[in-house]
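Heads up: the sequence shown is residues -21 to -1, 1 to 678, going by mature numbering (1 follows the signal peptide of the UniProt record, and there is no 0).
Backbone N, C-alpha and C define an ideal beta-carbon position, used for all residues, glycine too.
Note that the structure is a prediction, hence the values are computed from the model and not measured.
Quick notes on the structure that follows.
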Amino acid sequence: MTRELAIVIILFLSVITNSFGDFQDQMRSYHDTLYQRSWQHSSEESKDVNLRMPGVHPIKNDTYLCTAVNLGQRKQYIVGFKPFAEMHTAHHMLLFGCQVPADMAFSRDGKFWNCGDMGKGVCGNQGAGEKIIYAWGRNAPDLKLPKDVAFEVGGDSGIAYLVLQVHYGKVDQFVANPSLKDNSGVDLKTSFAPPRKLAAIHLLASGGYIPQKAKAWHLDTGCQYGNGPVLHPFAFRVHAHTLGTVISGYRVRNGVWTLIGKGDPQRPQAFYPVKPDKQVDIQAGDTLAARCTFNSMQRDKITYIGATMADEMCNFYMMYWYEPNQNNMETGIPESACLYVDEARLMFPLDSDVPLQGSGVKMQMKRDFAEGCGPYCNDDGPSLLLEEDKRWPGNQPIDHKLGQVTAVDIDKYGNVVIFHRGSRRWEIDSFDANEVFSNQKESIPEATVLTLDSKTGKIINSWGQNMFFMPHGLTIDSEGNTWLTDVAMHQVFKFPSGRTESSLTLGVRFQPGSDIEHFCKPTDVAVDSSGFFYVSDGYCNSRVLKFSPDGRQKVVLISNAHLQHIVPSFFQIPHSLSLDKRNKRLFVADRENSRVLMFDADKGRILQDFNYFGERVFAAHYHREKGGILHVVNGPISVNSQGFTFSLRRNAVIQEWRPVSGFSEPHDVTQDDESGAVYVADIGKNTVWKFKRRGQIQA
């Protein structure tokens, strides 16, 4: 046995017997064992990719800024990461792989954009193909991957851009020094030589809240791994803010819990090695589970999971490798095969919340920020509050008399698009007893689709005359396609951007039905980032169907059979749809049951129901801001209609709102991602209302 081999064995034994002991010993093992030969790749040409913030000057607490680099046409492989940041400047950094960045105009060297709340996000196309590649926090050291393991990027890998996101938690030093610039970032060691194993990261994250005066409060999360390649975890990272005491991650197989990693989030938030004696792998049918434990004994108020320094986080990152020849998944993303598991079913080991040896005051990050939001940031509540925009024309958009306005959405240019019925009204005799429309010879003569300037309300485009009979739903997807439903025709239409001829028509004209080829008064459409779309069907069939992008493959995703575990156990008019594309959640406004239902968008499983919105919920619109919010409008018969802003992470209504003159019959609601303005279609007053953020000055 050589001297070098003996040293390696001794270091491995050190990790096994003392992997969660003194921090310095663990870090020494971390470098000397897991990563000691990671830079020794083949002699194939290689290069460094430097990704740094281009001299930014944030002036608001909890600012998230992004910058990007184009990887070009040649595929390359990341084998190491060298961070350049300091925790008192950058709270944490994340490196994402994207098909396109959220803002192409700022994707070149020397450019950056706001990618936090009210910003443009990280990846374009509603986050399609977004992958976490690296994470850093609390002065974590370099990360170098094991030999023959690398992240695949560039070329046809699906990752054309790398986007660096930096969270600036406390910005007092920038406010005090106007000339101060920051160049935090990360240098990447890359190779053009393909490795035998590809690396990826799976993130387990939990929402929820931590009550005040709790010594050991748990937030749990989990997912079941499906049909993908065998995953081999080799490193893990934990992330929480100041209340986190320990975060544990496990594999569960046949009821047996095996620890993947346990970390103290108050230590440098590096990737630490999975204990080499465990030989943990993840196979089909296994469950991944994580538990975050928090101590809030010094807090006298509830703390929520969120993006600001006053909030908390619960993240367990698992870095793993897999053999590319085993991956036969169409998406090419093994982590997408891990499906949500109800955390109530997870029975964690008793020691899951036992802190690590060596944790405590000596490892605590120095608190250089105040409790609460501070002087330069907006707290969660006020920044979401709405007020009527009295400069909006309201009842009579310029030069046009509206009919019943049934739907509203925002196009890719920020314009307001509405669907209305012109001179047509839905009367008691509009349909016979078999749901067949009674006036099939006379289409609506007026233009039914109008595009309005978001500031003036002036009509800038109109079309749809002599095409429709009873307009209902309108959706504009991320590609600019317009989707319309007509309840008289029992059909769904897709119109490409700028065209007035449909490229896709589903359903049989004027023929209601309940089989897979027919609709019966379809109400709305939602489209995910991959082009798959959902149809709520609707007034007669009480179901939600899912279609492939070309409309050829279709399935009844949700029916009354999926609602047997809640009360009422059936739909009463699924009236509107909205998607959380990043987390694959579908929200359905169940109108006459006065609720919003949240489903797994892939499997159709019900995840939660929300009954906070009074009588008759007509529409709900999801936005990912502040941990996820819903804007909801109702239409009670006996009292005034109103709108609601609902926080998913707080599980609470944070504002009720309506115009000064009151709604009549609000029918649809949407939000402008750029300005935060909310628009409501009202079929009673034949108008579209606009609400701006409270205190916001309109240009």
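Is it right to say residue i is buried, meaning 16 or more other beta carbons lie within 10 angstroms of its own, or is it exposed?
i      : result
LEU329 : exposed
HIS70  : buried
VAL639 : exposed
ASP392 : Per the sequence shown, the amino acid found at residue 392 is Tyr instead of Asp. Burial call: exposed.
ASN440 : exposed
ILE407 : exposed
GLY264 : exposed
VAL667 : buried
VAL235 : exposed
THR200 : buried
LYS582 : exposed
GLN52  : exposed
GLN5   : At GLN5 the pLDDT is 40, less than 50, meaning the model places this residue with poor confidence; the figure from the coordinates comes in the next sentence. Buried is the call here.
THR310 : Bear in mind that a pLDDT of 46 at THR310, under 50, signals an unreliable position, so the number given afterwards is only what the model happens to contain. So THR310 counts as exposed.
ILE423 : buried
SER22  : Low per-residue confidence applies at SER22: pLDDT is 40, beneath 50, and the placement is therefore not dependable, though the value from the model is reported in the following sentence. Answer is exposed; the Cβ neighbour count stays below 16.
GLU131 : buried
ASN156 : exposed
ARG673 : exposed
ASP529 : exposed
ALA64  : buried
MET326 : exposed
ILE138 : buried
LYS525 : buried
ARG531 : exposed
Compare the Cα-Cα distances from residue i to each of the options and report the closest residue.
i           : options                           : result
GLY151      : LEU159, ILE397 and ARG278         : Before going on, a small fix: residue 151 reads as Asp here, not Gly. Of the candidates LEU159, ILE397 and ARG278, the one whose C-alpha sits nearest the C-alpha of ASP151 is LEU159.
THR629      : PHE273, LYS280, TRP636 and LEU365 : Here the sequence assigns Arg to residue 629, which means Thr is not the residue at that position. Per the Cα distances, LYS280.
LEU210      : CYS271, TYR299, TRP405 and ASN156 : TYR299
VAL657      : PRO615, ILE616 and ALA599         : ALA599
ASN274      : LEU222, SER136, GLN621 and SER163 : LEU222
residue 759 : GLN650, LYS664 and VAL154         : What the structure shows of the chain is the stretch from -21 to 678, and residue 759 is not part of that stretch, so it cannot be assessed.
ALA214      : LEU363, ASN233 and LEU238         : LEU238
ALA114      : GLY137, PRO491 and ASP166         : ASP166
CYS77       : PHE410, LEU124, SER654 and GLY134 : GLY134
THR435      : PHE526, LEU565 and ASN394         : ASN394
PRO589      : PHE578, HIS602, TYR601 and ARG574 : Reading the sequence as shown, one finds Phe at residue 589 and not Pro. Among PHE578, HIS602, TYR601 and ARG574, the Cα nearest to that of PHE589 is on ARG574.
VAL101      : VAL145, GLY655 and GLY137         : VAL145
ASP290      : VAL79, LEU177, ILE585 and SER185  : SER185
ASP127      : MET32, LEU50, GLY285 and TYR56    : TYR56
ASN304      : LEU365, LEU182 and PRO174         : PRO174
LEU318      : CYS45, LYS563, GLY641 and ASP27   : LYS563
ARG561      : GLN587, SER508, LEU576 and ARG117 : SER508
Would you say residue i and residue j are within 8 Å of each other, going by their C-beta atoms?
i           : j      : result
residue 680 : ASP41  : Beyond the ends of the chain as shown, which are -21 and 678, falls residue 680; an answer cannot be given.
PHE474      : GLY486 : no
ASN613      : ARG595 : yes
HIS218      : PRO247 : no
PHE153      : LYS110 : no
PRO645      : VAL632 : no
ILE662      : VAL396 : no
TYR147      : PRO37  : yes
ARG403      : TYR296 : no
ILE585      : PHE592 : no
VAL35       : VAL48  : no
LEU453      : ASP388 : yes
TYR140      : ASN93  : no
ARG324      : GLN191 : no
ALA268      : TYR229 : yes
Is there a C-beta anywhere in chain D that falls below 8 Å from the one on residue i?
i      : result
ILE537 : No chain D is present in this structure, which holds just one protein chain.
Can you name the residues that DSSP bridges to residue i?
i      : result
ARG574 : ASP569
PRO645 : ASP661
PRO252 : ALA214
THR42  : TYR147
VAL28  : LEU167
HIS602 : ILE608
THR430 : VAL396 and ASN440
LEU329 : Per DSSP, none; premise fails for LEU329.
TRP115 : MET72
VAL132 : GLN55
| Cβ contact check for the segment 594 to 608 and the segment 624 to 638: 3 or more pairs under 8 Å | yes
Does the segment 514 to 523 come within contact of the segment 422 to 432, defined as at least 3 CB pairs closer than 8 Å? no
Practice item. Could you tell me whether the segment 500 to 517 touches the segment 549 to 569, where touching means 3 or more Cβ pairs closer than 8 Å? Key: yes
message: Taking 8 Å as the cut-off, does the segment 538 to 551 touch the segment 460 to 476 (at least 3 CB pairs, one atom from each stretch)?
response: no
Item checked: Cβ contact check for the segment 461 to 470 and the segment 489 to 504: 3 or more pairs under 8 Å -> yes
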